[in-house]
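Some notes on the structure that comes next.
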Amino acid sequence: MAFELKKLPYEYDALEPIIDKETMHFHHDKHHQTYVTNLNNLLEGTGFETSSIEEILTSLDKLPEAKKNGIRNNAGGVYNHNLFWEVMIPGGSKEPKNELKIAIEKAFGTLDELKNVFNAKGAGQFGSGWAWLVTDKEGNLEVLSTPNQDSPISLGKIVLLGNDVWEHAYYLNYQNRRADYLKAWWELVNWDVVENRYLNR
Ligand code: MN3
Numbered sequence: 000m001a002f003e004l005k006k007l008p009y010e011y012d013a014l015e016p017i018i019d020k021e022t023m024h025f026h027h028d029k030h031h032q033t034y035v036t037n038l039n040n041l042l043e044g045t046g047f048e049t050s051s052i053e054e055i056l057t058s059l060d061k062l063p064e065a066k067k068n069g070i071r072n073n074a075g076g077v078y079n080h081n082l083f084w085e086v087m088i089p090g091g092s093k094e095p096k097n098e099l100k101i102a103i104e105k106a107f108g109t110l111d112e113l114k115n116v117f118n119a120k121g122a123g124q125f126g127s128g129w130a131w132l133v134t135d136k137e138g139n140l141e142v143l144s145t146p147n148q149d150s151p152i153s154l155g156k157i158v159l160l161g162n163d164v165w166e167h168a169y170y171l172n173y174q175n176r177r178a179d180y181l182k183a184w185w186e187l188v189n190w191d192v193v194e195n196r197y198l199n200r
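Per the numbering used here, residue 0 is the first one in the sequence shown, and the count goes up by one each step.
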């Protein structure tokens with residue numbers, strides 16, 4: 000039961016002009032595919048061949064020491080990118096509603112302030128990594144960043160939204176202007192998916 004590369008839920012050019020078609024092709028077809036291939040190879044002989052990606056990322060301590068870092072990086076790469084494609088939609092989906100909106104206002108005051116905090120985390124992540132909006136079981140929201148492909152689910156968090164701040168995610172279009180990419184990216188967020196994730200936490 001090897002992992003497979005999930006198909007994009009929209010066309011490669013559907014997120015333009017925020018994310019260009021060429022970036023989407025190599026990000027999904029090359030980078031994401033490589034994580035899937037590496038993960039399948041690394042899992043051979045570990046006893047985790049039939050585990051879910053969530054099981055793997057919450058059981059890192061139980062992995063064989065020699066393969067632990069590789070599996071952590073590549074399983075994170077698979078999980079994080081699956082989520083990344085899913086939380087975007089061409090044109091975005093307006094604004095948070097209902098319970099999610101209330102939770103955002105409780106934690107951050109306003110949606111704009113959530114964006115500020117999130118963008119600052121993403122811009123401040125040295126080197127490669129991710130910015131995240133996560134929740135606990137009780138519904139308390141938090142923004143954090145992780146290095147490399149580390150995933151918040153390994154920290155016991157429930158992931159609602161994440162933005163990839165590796166240079167491969169934005170360099171063709173934005174070069175070194177990571178802050179511009181972070182700011183523009185909000186126009187693509189699928190708040191319906193984020194709300195569903197929040198309600199099903
Ligand atoms: Mn990436």
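For glycine and all other residues, C-beta sits at the position ideal for the given N, C-alpha and C.
Do you know offhand how far residue i's Cα is from residue j's?
| i | j | result |
| --- | --- | --- |
| D135 | G155 | 8 angstroms |
| P89 | T57 | 32 angstroms |
| E112 | H167 | 27 angstroms |
| H31 | F25 | 8 angstroms |
| D179 | W129 | 15 angstroms |
| I17 | S50 | 35 angstroms |
| A1 | A74 | 12 angstroms |
| L42 | I52 | 11 angstroms |
| E104 | E141 | 12 angstroms |
| S144 | K120 | 6 angstroms |
| P95 | L198 | 12 angstroms |
| W160 | K20 | Residue 160 is actually Leu in this sequence, not Trp. The straight-line gap from Cα to Cα measures roughly 22 angstroms. |
| A183 | N118 | 10 angstroms |
Please say whether residue j and residue i have beta carbons closer to each other than 8 angstroms?
| i | j | result |
| --- | --- | --- |
| V188 | V86 | yes |
| Y11 | H80 | no |
| P146 | G126 | yes |
| K66 | T36 | no |
| G91 | Q148 | no |
Give the range of the alpha helix (DSSP H) segment to which residue i is assigned.
| i | result |
| --- | --- |
| A106 | 97-107 |
| D179 | 177-184 |
| V192 | 190-198 |
Following the continuous beta strand (DSSP E) through residue i, name the residue where it begins and the one where it ends.
| i | result |
| --- | --- |
| T145 | 140-146 |
| N162 | 157-163 |
- Item | Three CB pairs or more closer than 8 angstroms across the region 191-198 and the region 95-107 | yes
- Could you say if the region 130-145 and the region 166-178 meet the contact criterion of at least three C-beta pairs nearer than 8 angstroms? Counting Cβ pairs under 8 angstroms, fewer than three are found: no touch.
- Continuous beta strand (DSSP E) assignments of at least 3 residues falling wholly in the region 60-135: 128-134
- Inside the region 2-42 only - beta strand (DSSP E) runs reaching at least 3 residues: none
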